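Q:
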Amino acid sequence: GNSGNSGNANSNEWDKTKTFNFYKAACDKITSTGAAGHTRKEWQEIAALNLGSASSMLKPIIQSFMKTEDQAKEAVSDKGSDDAKRRMAPCGADISYVKSATKKDLSNGNYQITIVMNDENTPKKGSKGVAAMATGILYMEDVEETVKNDSTVSKVVKSLDKAEIVYKAYTIVAEMTKDGKFVSITHTTSGDISASVTVKLLGNISGDGTLNFTSKWYNFKY
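Numbering follows the working numbering, in which position 156 of the sequence shown is assigned residue number 179; successive positions increment by one, without gaps.
Pasting the structure below:
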């Protein structure tokens, strides 16, 4: 067919699958071969916590699962290293979990790729949605494990009776070159927590909160 003239027109009409696959191929190259060195930094914050009289008691416990931006350290990985593979943003989601994937042409000649995931309630490790894209989110199975086995926590919390975290609009924004190399990646999401816990001395407490998560990859060296 005569595709010579349609190249430019089509380049702005990438569909979700084409855009996602362009991003995925670049991620997979790094997670499998360490094709680029990079720096990673990620942190979390408690944006709101409404657990009534137990809020002040439970906030430090929740905070212990998290690093603030000030506490977060840069993790620098060399090209070709195991660290570069391990610390890179994975891209293993099934396309059915992806709400949208769009490409924008930047004035410097690069692309801005934006991927937004469907909202997801309490993803399990190893599942094919947000968990397959993220490195810095909180998993309820880790929280449950800690409540059972961490003596500091179990002094305060007798049991976690119900806990959910809904990740809302997990968003990835990446600047990429046209030949599929990364300049930078930022992941952001907020998680809406609802929990029912039995706290020693206070009994059963139900409440909710919002946690914000940020992960960044930058200084890519191919």
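In this text, a Cβ means the ideal position worked out from N, Cα and C, and glycines have one as well.
As the structure is a computational prediction, the values presented were derived from the model and not from experiment.
Would you call serine 55 buried or exposed, if buried means 16 or more other Cβ atoms sit within 10 Å of its Cβ?
A: Classification for serine 55: exposed.
Q: For valine 170, I'd like the list of residues in its chain whose CB is within less than 6 Å of its CB, leaving aside the five on either flank, ordered along the chain.
A: Val176, Val180 and Leu183, listed in sequence order.
Q: Using CA atoms only, rank isn't needed, just tell me which of Lys191, Lys39, Tyr134 and Glu97 is closest to glutamate 65.
A: Taking only the C-alpha atoms, the option nearest glutamate 65 is Glu97.
Q: Check whether the Cβ atoms of methionine 156 and cysteine 114 sit closer than 9 Å, and answer yes or no.
A: Going by C-beta atoms, methionine 156 is nearer than 9 Å to cysteine 114.
Q: Bridge partners of threonine 62, per DSSP?
A: Val99 and Tyr241, per the DSSP bridge assignment.
Q: Does the region 203-223 touch the region 68-85, meaning 3 or more C-beta pairs lie closer than 8 Å?
A: Result yes; three or more Cβ-Cβ pairs closer than 8 Å.
Q: Pull up the distance between the alpha-carbon of serine 130 and that of phenylalanine 243, whole angstroms please.
A: Cα to Cα, serine 130 sits roughly 20 Å from phenylalanine 243.
Q: Given this structure, state the Cα-to-Cα distance separating serine 78 from isoleucine 69, to the nearest angstrom.
A: The straight-line gap from Cα to Cα measures roughly 12 Å.
Q: Would you kindly report the start and end of the unbroken beta strand (DSSP E) that includes lysine 111?
A: The question names lysine, yet the displayed sequence has methionine at residue 111. From DSSP, methionine 111 is part of no beta strand (DSSP E); its letter is neither H nor E.
Q: Taking the beta carbon of glutamine 94 as the centre, do at least 16 other beta carbons fall within 10 Å, making it buried, or is it exposed?
A: That one is exposed.
Q: Using the Cα positions of tyrosine 245 and aspartate 105, report the straight-line distance between them to the nearest angstrom.
A: Approximately 15 Å, taken between the alpha carbons.
Q: Does DSSP put alanine 157 in a helix, in a strand, or in coil?
A: Coil.
Q: Could you check whether the Cβ of histidine 210 sits closer than 8 Å to any heavy atom belonging to the ligand SAH?
A: Of ligands this structure carries none, so the ligand SAH is not represented either.
Q: Using 9 Å as the threshold, is the C-beta distance between phenylalanine 255 and isoleucine 118 below it?
A: Residue 255 is absent from the model: the chain starts at 24 and stops at 245.
Q: Could you check which residue in Ala192, Val206, Lys204 and Lys185 has the C-alpha nearest to that of aspartate 231?
A: Ranking Ala192, Val206, Lys204 and Lys185 by Cα distance to aspartate 231 puts Lys185 first.
Q: Work out the CA separation of histidine 210 and lysine 126 for me, nearest whole Å.
A: Distance between the alpha carbons of lysine 126 and histidine 210 is about 16 Å.
Q: Let me know the secondary structure DSSP gives methionine 140 once reduced to three states.
A: Three-state result, methionine 140: strand.
Q: What first and last residue would you give for the alpha helix (DSSP H) that runs through threonine 175?
A: Looking at the DSSP string, the run of the alpha helix (DSSP H) that includes threonine 175 is 174-177.
Q: Start and end of the beta strand (DSSP E) containing alanine 48?
A: Run containing alanine 48: none in the beta strand (DSSP E); it sits in the alpha helix (DSSP H), 39-56.
Q: Are there 16 or more other CB atoms within 10 angstroms of the CB of lysine 147, so buried, or fewer, so exposed?
A: Exposed, by the Cβ-count rule.
Q: Since leucine 183 is in the beta strand (DSSP E), which residue starts that stretch and which ends it?
A: Where leucine 183 is concerned, the enclosing beta strand (DSSP E) stretches over 180-199.
Q: What did DSSP end up calling alanine 32 once you bin it into helix, strand or coil?
A: Model confidence at alanine 32 stands at a pLDDT of 44, short of 50, so the residue's coordinates are unreliable; what they give is reported in the following sentence. Here alanine 32 sits in helix by DSSP.
Q: Kindly give me the distance between the Cβ atoms of isoleucine 136 and alanine 59, rounded to whole angstroms, as I take these residues to be in contact under 8 Å.
A: Their Cβ separation, rounded to whole angstroms, is 16 Å, which puts isoleucine 136 and alanine 59 out of contact at 8 Å.
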